[in-house]
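Input: a single structure, listed below in structure tokens.
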Amino acid sequence: MEYKYNGYTFIPYRELKKDEKGLDLYHTMKKLGMKRDELLGMWNYSDRKVYYDYTEFYKAMDDSSMDIFYCKETKKYYIPCENELFECNG
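Read left to right, the sequence shown gives residues 28 to 117 (my numbering).
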């Protein structure tokens with residue numbers, strides 16, 4: 028299934044694996060290669076390019092149980108976090 032959020036098309040990709048869950052933020056980001064996607068700019072800070080809200084994102088994804096999503100337009104994988112949609116390795 029494909030879902031739209033703020034002009035982008037997202038496809039639920041996968042849940043986090045057991046060894047990816049429960050890590051502190053630093054180790055989670057390192058393990059998954061998480062980083063800010065400056066080109067997409069989807070976060071809820073004042074310098075954002077595109078509006079982002081964690082709850083609204085999951086509502087738009089039909090409350091998917093997936094943790095990682097693929098974006099058709101950017102051809103990248105993302106993890107929705109509280110304040111930002113982070114790029115990751117998928």
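Ideal placement from N, C-alpha and C gives every residue a C-beta, glycine not left out. The structure displayed is predicted, hence computed values, not measured ones.
- Task: Give the single residue among Y79, M56 and L59 whose Cα lies nearest to the Cα of L67.
- Result: Selected option, being the one with the closest Cα: Y79.
- Task: Go to K31, then tell me how far its beta strand (DSSP E) extends in each direction, as first and last residue.
- Result: Y30 to Y32 is the span of the beta strand (DSSP E), which, as asked, contains K31.
- Determine the direct distance from the alpha carbon of V77 to that of N33, and round the result to whole angstroms. Those two C-alpha atoms are separated by around 7 angstroms.
- Message: Going by DSSP in three states, M88 sits in which element: helix, strand or coil?
- Response: It is coil, neither helix nor strand.
- Task: Determine the DSSP secondary structure at Y53, reduced to helix, strand or coil.
- Result: Look at Y53 here: in three-state DSSP terms it is helix.
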